[in-house]
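So the sequence shown is numbered by the working numbering: it starts at 7 and just counts up by one.
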Amino acid sequence: MSRTSVFRVLTNKLNKKKKFSKWVPHLLTDEQKESRVNFSRNFLRRFQTEQNDFLGRIITGDETWVYSWDPETERQSAEWRDFDEPRPEKVRRKQGALKVMHMIFFDMNGVILRWPVPIGTTINAQYYKKVLQDKLRPAIRKKRPGLLESGILFHHDNAPVHTARAVRDVLAGYKWELLEHPRYSPDLAPCDFHLFPKMKEHLRGQRFETEEDIIQATKVAIKNLDKCSYVTAFTDWLQRIEKCAKNGGCYVE
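Okay, here's the thing in structure tokens:
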């Protein structure tokens, strides 16, 4: 049978369509999907009861590397050309060797803490705990004093550093309610699906020579983000959670 005949049978008689694979962070098990659904339903239940007061008390945070050079995306490097001109060509390069880890925490009103981790520092539970104690809590007291009184809902992913007993004890001591995060779920973490991509979009294509250059550029990139962007992060989060609850815990976009 010819390839044309095979194609005709698959498409016309069997009603098949060739679909390309979609990249996902992890192949979720049924148990992990169920955990994502439970998280989503609990989140939605709280929101339905407390509305914007619930979202307004959430502080979310995570860590990310910022490189001395990150290539532009294909979309960013697009150029206007005549119809008969070929596509522009660029050499694909790797990210710069120099990098600085940033810890960033934010709420609906903006960034509360941007902490560049000194190069060579080991980020373990003890270090993360000290950042919460010595950096984040004072920043909240200075920038969001009302949150300390109304009660903080604290969210981060379930990386081992975040879930360590020492960290949980600090959060419990501060009476910050921890919003549990399902495993392998960057699509449900505002830092991963919103803040970090938006921030790094401003940095792509720029070269930085020193650690301080990276730190200052990151500071400027965050400052240049629209204030509405933080509200958008939370409304998008809510929409993603609604989709996750409806689609059986599969990844959402």
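Every residue, glycine too, gets a C-beta built ideally from N, C-alpha and C.
Contact between the region 242–252 and the region 44–54 is present, with at least three C-beta pairs closer than 8 Å.
Exclusion of the five residues before and after L185 leaves L159 and H161 as the residues of its chain whose Cβ lies within less than 6 Å of its Cβ. Three or more pairs of CB atoms, one per stretch, sit closer than 8 Å, so the region 123–138 contacts the region 104–113.
Using a Cβ distance threshold of 7 Å, L119 and K141 count as a contacting pair. Per the coordinates, the alpha-carbon of R63 lies some 7 Å from the alpha-carbon of S156.
The region 229–241 and the region 198–211 touch, with no fewer than 3 CB-CB distances between them shorter than 8 Å. Beta-carbon to beta-carbon, R42 and P192 are separated by about 12 Å, too far to satisfy the 8 Å threshold. Assignment of beta-bridge partners to K105 by DSSP yields Y73.
In the three-state DSSP reduction, G254 falls in the coil class, being neither helix nor strand. Inclusion of M114 and Y257 in the CB contact set at 7 Å is not warranted, their separation being larger than that value.
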